[in-house]
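So the sequence shown is residues 2 to 144, counted in the numbering used here. C-beta atoms are modelled at their ideal positions from N, C-alpha and C, and glycine is treated no differently. The block underneath contains the structure these notes are about, expressed in structure tokens.
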Amino acid sequence: MKVILLVIAILVLPITLSSNNSYSNYAIIKACRWEQMYQALCIIESNNDTKAINHSRNAVGILQIRPIYIKEINRIQKKVKYTLKDRFIPKKCREMFDIFQNYYNFEHNINKAIVLHISGHRNFLNNNIPYWYLNKVKAEMNK
């Protein structure tokens, strides 16, 4: 995770130095925290195992994606782009995660992203917040 953050910092550092404005610095920090959150989710959900399977919840892959998640992503996209097999492909998991978050969490609030991932948008709207999970992911982010 630290290597990814270092790469992001190296790629964005020249932009920060040339732009000389606090908004761009904020955007970089926010992007790094977002990446930390995504990596923490992968660790908590599957220990970064792309072949992880939870039979009791019918969840698989690095993010432990369930069939209802695929259905929702395809609904958002207004076409059937993703299949159940895509849950085993990390790049596709990230695409689906980003689609879901951009739709329901366009402001990229980290707490909201974590809760949306574990609970789905309906539970989030009902204020059903699993604080135990939120705290677990935040602790992993801070390692």
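Just to confirm my understanding: we take GLN65, look at its own chain, exclude 5 residues before and 5 after, and list those with CB closer than 7 Å. What are they?
Here residue 65 corresponds to residue number 64 of the sequence shown, with the count starting at 1. Taken in chain order, the residues that qualify are GLU46, SER47, ALA53, ASN55.
From ARG76 to ILE111, what does the alpha carbon distance come to, in whole angstroms?
Counted from its first residue, the sequence shown places residue 76 at position 75. Counted from its first residue, the sequence shown places residue 111 at position 110. ARG76 and ILE111: Cα-Cα distance of roughly 23 Å.
From which residue to which residue does the alpha helix (DSSP H) around LYS137 run?
Position 136 of the sequence shown, counted from the first residue, corresponds to residue 137. Element bounds for LYS137: 132-142.
Pick from ASN103, ARG34, CYS94: whose alpha carbon is nearest that of LYS67?
In the sequence shown, counting from the first residue as 1, residue 67 sits at position 66. Checking the sequence shown, residue 67 turns out to be Arg, not Lys. It is CYS94 whose Cα lies nearest to the Cα of ARG67.
Along the chain, where does the alpha helix (DSSP H) containing ILE66 start, and where does it finish?
Taking the sequence shown and counting its residues from 1, the one referred to as residue 66 is at position 65. Per DSSP, ILE66 belongs to no alpha helix (DSSP H) and is neither H nor E.
Please tell me whether GLU46 has its Cβ less than 8 Å away from any Cβ of chain D.
No chain D is part of this structure, which consists of one protein chain only.
Once the 5 residues before and after THR51 are set aside, which same chain residues still bring their CB inside 7 Å of it?
Here residue 51 is taken as the residue at index 50 of the sequence shown, counted from 1. For THR51, where only same-chain residues beyond five positions count, the Cβ hits under 7 Å are GLY62, ILE63, PHE89, PRO91.
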